[in-house]
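The numbering of the sequence shown is the numbering used here, which starts it at 68 and goes up by one. Working notes, beginning with the structure itself.
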Amino acid sequence: MKSIFIVFSLLALSFFACEKTGERNQNADREALDKLKQQIEAMVQGGPCTDPAQWSIAALGNKACGGAMSYIAYPSTIDTEEFLALIERYTRGEDEFNAKYNIISDCMAIPEPQDVRCEDGKPVFIYQTL
């Protein structure tokens, strides 16, 4: 009887240890993605928006059920090749995270901005009106 209790205890302990490890892995993966997103956002904070013609728009991330998670405006004065590569890495990472942890989302389509205007030194999205 005592050996059954010991076996059961060890099995229960290993089950809960695996569950905690899974949570830690998910949290670590989320933190890595958040840091990458912060790096992307920091790249566009360099200077004020004074000429909308110098700004472009990129989709950032993917929702679990498809479509962009958000959009980000970026100036042509930054290293756009590096910037877009970081966005690609972040978006691919979001896809992998969603698949790995069976993440679900609201599946609500985020409207895609059509252009950018400068307002008080900051880029503001312009959306198509119906």
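The C-beta atom is built at its ideal place from N, Cα and C for all residues, glycine as well.
Given that a residue counts as buried once 16 or more other Cβ atoms are within 10 Å of its Cβ, and exposed if not, what is Glu186? exposed
Note the first and the last residue of the continuous beta strand (DSSP E) segment covering Asp118. First-last for Asp118: undefined, no H or E at that position.
Which residues DSSP lists as bridging Tyr141, in chain order: Ser123
Classify Gly160 as helix, strand or coil using the three-state DSSP reduction. helix
If we ignore side chains and look at the alpha-carbon of each, how far apart do Ile139 and Ala152 end up? 14 Å
Anyone know if the C-beta pair for Pro180 and Ile170 falls short of 8 Å? no
Closest to Asn92 by CA distance: which of Ala131, Lys167, Phe150, Val111 is it? Lys167
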